[in-house]
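Below: the structure, in structure tokens.
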Amino acid sequence: MTTSHEPGSTSDTAADARSTGPESDGTASAAPNSPLAFPAPPEPLEELMAAPLTPQKRFTVPKASWIRKFGEIPHASDAIAGLPAWMNRDSAIAAFSSHWPDDPVGAFTATMAWAYGERAGYAGYRVARILTASSRPEGREENPRVRTALRTSLEVAMRDGAVEGFSYLNDCTHKVKSHQGTDADLLVGVDCGRIYGLGPSFFTKWLHIGTLALSQESTSTHPPAPMLDSQATAWLNTHARIVDEDCLAQDEAQKAAVIHRKWHADASSPECTDHCLFLGADEARRDAGGSHTAGTHADGPFADRAHADGAHTDRVRRTPTTPEGDLLRLRAGRTDDYSRYIDLLSAWGEPYGLRAVDVSDRIYRLIRDDGEQDSRVTEELAIG
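Mind the numbering: the sequence shown is residues 159 to 542 in my numbering, read in order.
Structure below.
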């Protein structure tokens with residue numbers, strides 16, 4: 159299990175020194191309710207944020223496999239039948255708008271066709287379970303409570319913001335479980351919008367497409383909702399580990415500098431030279447102040463201290479985390495973490511004039527590499 163810095167440790171002191179606000183190198187805007195600033199975004203994301211984003215690459219929709227699962231749900235089967243043969247996010251927004259507000263089930267089904275993508279697999283069956291609020295959707299009609307909850311979730315998101323829309327679909331004292339079977343429909347939408355079978359990975363896609371579409375038609379004061387699923391959390395975790403390594407290395411360097419100064423301040427210690435015990439064989443003196451950069455495996459008196467503190471461990475084992483890196487670690491199904499996710503993306507996008515949803519788009523572009531490469535292909539598919 160990973161461990162964080164103990165309160166009051168040298169690493170915490172170093173963390174405070176590293177996070178002095180937006181003006182500090184390597185940091186973004188301050189995280190709400192935290193003395194730390196968000197770590198700076200990785201360079202590939204910065205490059206994407208500095209340029210316009212190309213449209214998403216189109217994919218084929220396996221309509222037949224979807225429609226087979228919607229025998230008693232005509233709004234869902236009609237929505238799939240009405241989709242274009244080739245689809246991307248722009249197509250999903252257009253499909254949503256063609257069904258909203260009269261047919262939330264059709265709008266939701268079209269959105270899920272985009273969310274699941276070309277290799278849908280069991281997607282039709284899973285969506286049928288959601289729409290019927292049943293673990294056995296065969297032969298069942300759509301559940302009216304689901305229709306109401308889908309509509310209300312977007313009304314809440316447009317009126318109160320993405321986090322409130324997330325909370326409406328996520329936070330509930332009536333926890334619906336698959337083994338409850340036919341009783342599930344009695345629990346869906348009771349004092350909340352929790353929908354059987356619909357978790358955050360896909361209801362954030364519903365909120366995403368819905369708020370994007372509705373934002374084009376209204377003057378909502380709240381920006382569209384960004385998606386958040388396991389792909390994005392894994393991507394952020396990878397960046398968090400890099401941030402941890404950088405911060406721990408800075409901590410070690412700062413501790414080395416303190417010991418170095420104390421060592422040479424002692425009258426009995428030798429004068430600092432290029433052969434100083436605090437220098438490794440491949441390290442050079444700093445230009446300013448004559449102090450030295452401490453390496454991960456520094457030679458001399460500091461070497462034992464680095465290993466004793468446990469800041470650097472074998473790569474096979476888990477390494478300690480840092481407060482800065484922990485700001486990037488998100489737990490699934492937590493409304494407060496989704497709120498922090500939006501704050502993080504907003505801080506990253508602010509210097510580029512981008513909203514949280516725009517930064518999220520670029521993160522998923524890095525993850526999926528699904529940008530359209532040739533505008534002529536896009537035009538041909540649109541015509542076809």
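Yeah, the Cβ is synthetic: ideal placement off N, Cα and C, and Gly gets one too.
Which term fits residue i, buried or exposed, when burial requires 16 or more other beta carbons within 10 angstroms of its beta carbon?
i    : result
D519 : buried
A265 : buried
D494 : exposed
I400 : exposed
G511 : exposed
D260 : exposed
N246 : buried
Q214 : buried
L312 : buried
S325 : buried
Y499 : buried
Q531 : exposed
Where DSSP assigns a beta bridge to residue i, which residues make up the other side?
i    : result
F217 : M245
G529 : Q214
If you reduce the DSSP assignment to three classes, tell me which class residue i lands in.
i    : result
P197 : strand
E508 : helix
M385 : coil
Y280 : coil
C405 : helix
E299 : coil
D484 : helix
H380 : coil
Using 8 Å for Cβ pairs, my map puts residue i next to residue j. What's the rounded Cβ distance?
i    : j    : result
F254 : I353 : Going by Cβ atoms, the distance from F254 to I353 rounds to 17 Å, so no, they are not a contact pair.
R487 : A398 : 5 Å
A383 : G323 : 6 Å
V285 : A234 : 7 Å
Report yes if the CB atom of residue i is closer than 8 Å to the CB atom of residue j, and no otherwise.
i    : j    : result
W364 : A278 : no
L524 : P202 : yes
L194 : P481 : yes
G282 : F228 : yes
S592 : V321 : Given that the chain is displayed from residue 159 to residue 542, the structure contains no residue 592 and the question cannot be resolved.
L372 : S378 : yes
T290 : N301 : yes
A273 : L241 : no
W258 : F217 : no
V517 : P381 : no
F361 : L327 : yes
L308 : P358 : no
Quick check: is any heavy atom of the ligand SAM less than 7 Å from the C-beta of residue i?
i    : result
V219 : The model on display carries no ligand, and the ligand SAM is accordingly not part of it.
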